[in-house]
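Enquirer: Sequence order for the protein chains is A and B. Residue numbers are given in our numbering: position 23 of the first sequence equals residue 23, and the series is strictly consecutive. Start counting at 1 in the second sequence, then tack on 141, and there's your number in our numbering. Virtual Cβ for every residue (Gly too), placed ideally from N, Cα, C.
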Amino acid sequence: MQLILRQPAARDAGDGSTGVVVAASPDTFGREQWQWDVRICESEAGFDVAVAHNVESIEVVEESIDVSASFEATREVAELWLAVVVKKPVIHGQFRLEAGDVAVWEGDDPVRIRVQAVEDDARLQLVRIRRRDGKAARWVP
Amino acid sequence: MYILNAWYVAAWSTEVSREPARRVICEIPVVLYRTEAGEAVALEDRCPHRGYPLSPGRLVGDNIECGYHGFTFDGSGTCVRVPAQDIIPKQAFVRSFPLVEKDGWVWIWTGQKELADESKVPDTHWMSDPEWVTVTHSFHFACRAELIHDNLLDLTHESFIHTSTVGDDYIYKHGITVEVDGDVVSADRLMPGVVAPPLYARTMATEGLYDRFHCTVFYPPGYLLLHSGITGEGRPREEGYLIKVLNGITPIDAHNSWYYYAFSRNFGVDQHWATEELVTGLATVLEEDKDALEWQEIGLRSRPYDVRDSLIAQDAGVAKARKVMERLLAAEKQ
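1) So residue 287(B) contacts chain A; which residues on that side make the cut at Cβ distance below 7 Å?
2) Would residue 142(B) be called buried (16 or more neighbouring beta carbons within 10 Å of its own) or exposed?
3) Using a Cβ cut-off of 7 Å, pull out every chain B residue sitting near residue 139(A), in sequence order please.
4) Quick one: using the 10 Å Cβ neighbour count with 16 as the cut-off for buried, is residue 123(A) buried or exposed?
5) Assuming residue 80(A) is part of the beta strand (DSSP E), what are its boundary residues?
6) Using DSSP with H/G/I as helix, E/B as strand and the rest coil, what is residue 292(B)?
7) Comparing the C-beta of residue 37(A) with each C-beta of chain B, is any distance below 8 Å?
8) Any beta-carbon of chain B closer than 8 Å to the one on residue 91(A)?
9) DSSP three-state label for residue 385(B), please.
10) In this structure, what does DSSP give as the bridge partners for residue 152(A)?
11) Could you name each continuous beta strand (DSSP E) segment of 3 residues or more that falls completely within the segment 258–315 of chain B, going from the start of the chain to the end?
12) Are residue 390(B) and residue 290(B) closer than 8 Å when you measure CB to CB?
13) Would you mind reading off the limits of the alpha helix (DSSP H) that contains residue 470(B)?
14) When Cβ atoms are compared, which residues of the segment 101–121 of chain A fall closer than 7 Å to chain B?
15) Give a yes or no on whether 8 Å exceeds the smallest Cβ distance from residue 6(A) to chain B.
16) Can you tell me whether residue 226(B) is buried or exposed? The criterion is at least 16 other CB atoms within 10 Å of its CB, across all chains shown.
17) Pull up the CB-CB distance for residue 394(B) and residue 185(B), whole angstroms please, since I reckon it's below 8 Å.
18) Taking the alpha helix (DSSP H) that residue 116(A) belongs to, which residues open and close that run?
19) How many angstroms separate the CA atom of residue 34(A) from the CA atom of residue 139(A)?
20) Could you pull out every residue in the same chain whose Cβ sits closer than 8 Å to the Cβ of residue 350(B), ignoring the five residues on either side in sequence?
21) Let me see if you follow: with CB-CB separation under 8 Å, is residue 2(A) close to chain B or not?
22) Is residue 36(A) closer than 8 Å to residue 50(A) when the C-beta atoms are compared?
23) Which residues in chain A sit within 8 Å of residue 319(B), going by Cβ to Cβ distance?
24) So, at 6 Å on beta carbons, what are the nonlocal neighbours of residue 80(A) in its own chain, with the 5 sequence-adjacent residues on each side left out?
25) Taking 8 Å as the cut-off, does the segment 304–321 of chain B touch the segment 262–278 of chain B (at least 3 CB pairs, one atom from each stretch)?
26) Suppose you measure from the CA of residue 322(B) to the CA of residue 244(B); what does that come to, to the nearest Å?
27) Does the distance from the C-beta atom of residue 223(B) to that of residue 229(B) stay below 8 Å?
28) Counting only beta-carbon atoms, is residue 381(B) nearer than 8 Å to chain A?
29) Given a cut-off of 8 Å, decide if residue 259(B) and residue 247(B) are closer than it, judged by their beta-carbon atoms.
30) Could you work out which residues of chain A lie near residue 198(B), taking near to mean beta carbons separated by less than 7 Å?
31) Does the Cβ-Cβ distance between residue 153(A) and residue 86(A) come in under 8 Å?
32) Kindly indicate which three-state DSSP category residue 180(B) falls into: helix, strand or coil?
33) Could you pull out every residue in the same chain whose Cβ sits closer than 7 Å to the Cβ of residue 203(B), ignoring the five residues on either side in sequence?
34) Would you mind listing the beta strand (DSSP E) stretches within the segment 393–437 of chain B that are 3+ residues and don't spill past its ends, in chain order?
35) The alpha helix (DSSP H) that contains residue 333(B), what's its start and end?
36) Hey, residue 360(B) and residue 388(B): beta-carbon distance below 8 Å or not?
Dropping the structure here:
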């Protein structure tokens with residue numbers, strides 16, 4: 001499953017902290033335990049990204065990616081990936097993602113991720129989320 | 142609780158005439174009629190005199206006369222006549238509602254008049270475009286409007302409820318892309334290399350495999366546009382047989398909704414037999430939805446308050462739409 005979250009859809013964290021939550025799990029009205037959330041905050045460089053997560057159950061790897069022409073990678077099905085566009089627009093499939101937009105990928109479709117730059121100096125912050133118990137990380141735990 | 146600062150479909154244009162018609166929208170009783178010049182009017186359907194509905198009354202020129210004691214109101218809701226006396230009480234007026242009539246639908250603004258922005262009425266041009274042909278239906282669903290939103294944002298139910306018309310197991314086997322852009326939520330599913338759905342296959346004169354797609358776009362709180370169709374394998378969607386399903390979902394109260402439905406297609410436009418087949422087939426689809434959602438409403442009304450839905454990944458559009466609705470409702474309360 002793929003989620004494209006446009007920056008205007010971001011919401012205040014509601015806890016007095018800086019930045020806005022762009023993606024979180026659980027992101028439902030269910031009874032699930034909080035697992036992780038990703039916030040962005042506008043900065044001179046574009047957007048700063050902050051990830052908070054439940055360290056007992058979730059492992060997070062962050063990577064800053066310079067999309068000088070294109071970026072390609074294959075996601076493991078058990079991983080959930082978030083790509084925050086930090087600077088300059090990029091193209092992913094049929095979507096043009098502007099700075100502050102977020103793409104979330106989970107499950108078995110899509111696993112091959114290809115992002116192309118529209119302009120020079122495009123930058124992504126890739127957040128890879130994995131469950132410590134070996135089960136697949138999902139948008140709904 | 143309803144989002145009132147919004148445009149809702151109040152009626153088909155053909156339903157608004159010189160015969161007053163009653164609707165209840167977000168628990169607000171409304172009477173609809175036309176002036177002698179053909180302009181649609183919407184007034185609160187409750188005479189300020191003693192609460193009698195105006196809709197059983199009669200039209201006198203461009204005004205409506207209450208059928209109980211003859212209080213008469215013009216199209217702005219101003220009382221212009223009280224038969225039993227010369228003085229018109231100051232409080233004798235009814236609320237009037239902004240209307241926009243477009244492409245066969247009459248839209249009503251149920252909130253603060255000064256916020257009514259006609260440019261926010263959604264695009265429905267397919268209903269009046271000669272390149273497209275449209276089949277319409279309207280239904281009363283005995284369920285809350287949100288269940289119809291959910292139903293359209295998660296089309297995996299087609300695999301189970303609409304097996305003879307638009308359903309197939311391949312639907313739930315394909316993932317979705319959900320996009321959230323401000324208040325607008327869309328859920329898009331591409332199903333490459335599949336057969337055409339039974340209901341359209343004959344009209345489309347198709348054999349073999351195609352790329353099927355459907356993308357539901359939710360314009361909260363009361364309109365969902367479904368872009369659907371099939372195209373050649375690997376070909377752009379625009380080249381294919383295209384369908385636009387326009388869904389005007391108007392709350393009546395917390396457990397009842399009006400469903401205004403229009404199905405526009407750009408293929409077989411002159412094939413009347415196909416249109417006839419679709420009139421029947423789509424009525425079946427809607428009856429199946431109505432049956433399912435009314436059962437769901439029964440299920441929810443007996444469910445303990447603290448029990449929540451157990452959503453799955455395919456519900457991403459549903460969950461996002463609920464969040465947007467929650468946010469809009471909270472904003473209106475402020």
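Expert: This is what the structure holds:
1) Chain A residues near residue 287(B): none, gap ~12 Å exceeds 7 Å.
2) Its Cβ having fewer than 16 others within 10 Å, residue 142(B) is exposed.
3) 454, 457
4) Its Cβ being crowded by 16 or more others within 10 Å, residue 123(A) is buried.
5) 80–87
6) helix
7) no
8) no
9) DSSP, reduced to helix, strand and coil, places residue 385(B) within a strand of the structure shown.
10) Missing from the structure shown is residue 152(A); chain A here goes from 1 to 141 and no further.
11) Listed in chain order, the complete beta strand (DSSP E) runs (minimum 3 residues) inside the segment 258–315 of chain B are 274–282.
12) yes
13) In the DSSP assignment, residue 470(B) falls within the alpha helix (DSSP H) that extends over 457–474.
14) Of all residues in the segment 101–121 of chain A, those with a C-beta nearer than 7 Å to a C-beta of chain B are 106, 107, 109, reading in chain order.
15) Yes, its Cβ sits closer than 8 Å to a Cβ of chain B.
16) With fewer than 16 other CB atoms across the displayed protein chains lying within 10 angstroms of its CB, residue 226(B) is exposed.
17) Going by Cβ atoms, the distance from residue 394(B) to residue 185(B) rounds to 16 Å, so no, they are not a contact pair.
18) Note, residue 116(A): premise wrong, no alpha helix (DSSP H); beta strand (DSSP E) at 112–117.
19) Cα to Cα, residue 34(A) sits roughly 11 Å from residue 139(A).
20) 334, 335, 336, 374
21) It does; some Cβ of chain B falls within 8 Å.
22) no
23) Those within 8 Å of residue 319(B) in chain A are 1, 2, 3, 4.
24) 106, 129, 137
25) no
26) 26 Å
27) Yes, Cβ-Cβ distance for residue 223(B) and residue 229(B) is below 8 Å.
28) no
29) no
30) By Cβ distance, chain A contributes nothing, its closest Cβ being about 45 Å from residue 198(B), past 7 Å.
31) With chain A represented from 1 up to 141, any question about residue 153(A) goes unanswered, as that position is not in the structure.
32) coil
33) So the list reads 176, 177, 215, 216, once near-sequence residues are dropped.
34) 397–406
35) That residue, residue 333(B), is in no alpha helix (DSSP H); its beta strand (DSSP E) goes 325–335.
36) Contact flag unset, no.
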